[in-house]
Each structure stands twice: as structure tokens, then as C-alpha cells.
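Just so it is clear: in the sequence shown, position 77 is 77 by full-length UniProt numbering, and no numbers are missing.
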Amino acid sequence: MEICYTFDMKRPTNAFPEAMLFDMDGVLLLITQSSDQSWSSVCQLFAFSLGLAPETLLDAFRQSRKIYKHKIKYDPEK
Numbered sequence: 001m002e003i004c005y006t007f008d009m010k011r012p013t014n015a016f017p018e019a020m021l022f023d024m025d026g027v028l029l030l031i032t033q034s035s036d037q038s039w040s041s042v043c044q045l046f047a048f049s050l051g052l053a054p055e056t057l058l059d060a061f062r063q064s065r066k067i068y069k070h071k072i073k074y075d076p077e078k
């Protein structure tokens with residue numbers, strides 16, 4: 001059985017969200033904290049439950065963001 005955390009990250013629940021929004025580059029949500037700081041916090045919370053070191057998971061997010069930014073920069077349809 002997997003455990004999913006509610007928005008306050010304190011009470012585990014077995015209910016899974018119907019959808020998730022990932023703001024990889026910080027464009028959709030304006031916050032005072034950089035998106036990298038936010039992803040670092042997420043990785044610290046969940047990496048070990050995935051069997052990964054937090055830095056390994058954070059590196060994967062960074063690589064994904066880099067590829068995404070490259071694709072949208074050179075998208076001929078935009």
C-alpha cells in the first residue's frame with residue numbers, strides 16, 4: 001500500500017489526487033521562493049520513499065526542466 005500526503009504534508013492518507021499540476025519552471029505560480037528551492041524541499045520529503053537520494057531525484061527534476069525549456073524554446077508552433 002502506498003501512502004499519499006495531503007496538502008499540509010502532515011497527515012498521510014490513502015486517497016490519491018485526481019490530478020497534479022507541476023510548475024517546473026515557476027511560470028504558473030508566482031512565489032518568493034525559487035522553483036529549485038521548492039523542488040529541493042519536495043525531494044527531501046519523498047526521495048527516500050522512492051529509494052533514491054534527495055540529490056539524485058533533484059538532479060532528475062533539473063534535467064527534465066532543462067529538456068522542457070529547450071523544447072519550448074525551439075518549438076516552431078509557438
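Glycine included, each C-beta is placed from N, C-alpha and C at the ideal position.
Keep in mind the model is a prediction, meaning the values are calculated, not measured.
_Alpha carbon of alanine 53 to alpha carbon of tyrosine 74, nearest angstrom_ = Those two C-alpha atoms are separated by around 33 Å.
*Give the straight-line distance between the Cα atoms of methionine 24 and serine 38, rounded to the nearest whole angstrom.*
Roughly 10 Å between the two C-alpha positions.
*Identify whether serine 49 lies in helix, strand or coil by the three-state DSSP scheme.*
In this structure, DSSP gives serine 49 a helical state, which the three-state scheme calls helix.
_Just checking: is the beta-carbon of glutamate 55 within a distance shorter than 7 Å of some beta-carbon in chain C?_
The structure shown contains no chain C; it holds only a single protein chain.
*Name the two residues that bound the continuous alpha helix (DSSP H) containing proline 54.*
Note, proline 54: alpha helix (DSSP H), 54-73.
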